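Colleague: Taking our numbering, I'd label the letters of the sequence shown as residues 1202 to 1321. Would you mind keeping the following structure in view while I ask a few things?
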Amino acid sequence: LFVLIAVLVASCQSGYVQNVTVHGELTCPYPFSYRLLLCVSLFFKHFYIFQLQSRTSVGKTAKYSISGKFELSSHDREIEPRLVIEHTCGGVFKCVCKDFDHTENDMNVKFDLDLKNNDL
């Protein structure tokens, strides 16, 4: 009986790891620099899980892939991933954010963005 109780308590306290990957292509009419940050929201708090170093596009496009892992407690069931894109498209520093739907599962999504013409 003691062993059964210990196993049940341990399983209630253990969490799990959720993997998040976002990849795609950024475009701009001019060469640009950019930096990506991947974070998740959990109960209105933001946690950064990965940051890509600043990079410069080759021409008018840049392919990217960013991923990270977030460890959830046994109480947490879903996260809201967010991609933050800092860029210099148009010669001015700007920052745009893309919020993805809440998810309970690992996420691997393609997201292309025109940095000059978008609704973010």
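Idealized CB from N, CA, C, for every residue including glycine. Keep in mind that this is a model prediction, so the values were computed, not measured.
Give the C-beta separation of S1268 and S1255 to the nearest angstrom, bearing in mind that I take them to be a contact with Cβ-Cβ under 8 angstroms.
Modeller: Wrong, their Cβ atoms sit about 18 angstroms apart, outside the cutoff.
Colleague: Output the distance between the C-alpha atoms of V1221 and N1319, rounded to the nearest integer angstrom.
Modeller: Answer to the nearest angstrom: the Cα atoms are 23 angstroms apart.
Colleague: Beta-carbon separation of L1284 and Y1217 under 8 angstroms?
Modeller: No, the pair does not count as a contact, with Cβ atoms beyond the cut-off.
Colleague: Return the CA-CA distance between K1270 and C1240, expressed in angstroms with no decimal places.
Modeller: If I take the Cα positions, the gap works out to 10 angstroms.
Colleague: How big is the Cα-Cα spacing for M1308 and K1261?
Modeller: Rounded to whole angstroms, M1308 to K1261 spans 28 angstroms at the Cα level.
Colleague: Where does C1296 sit, in a helix, a strand or coil, going by DSSP?
Modeller: In the structure shown, C1296 sits in a strand (DSSP, three-state: E or B).
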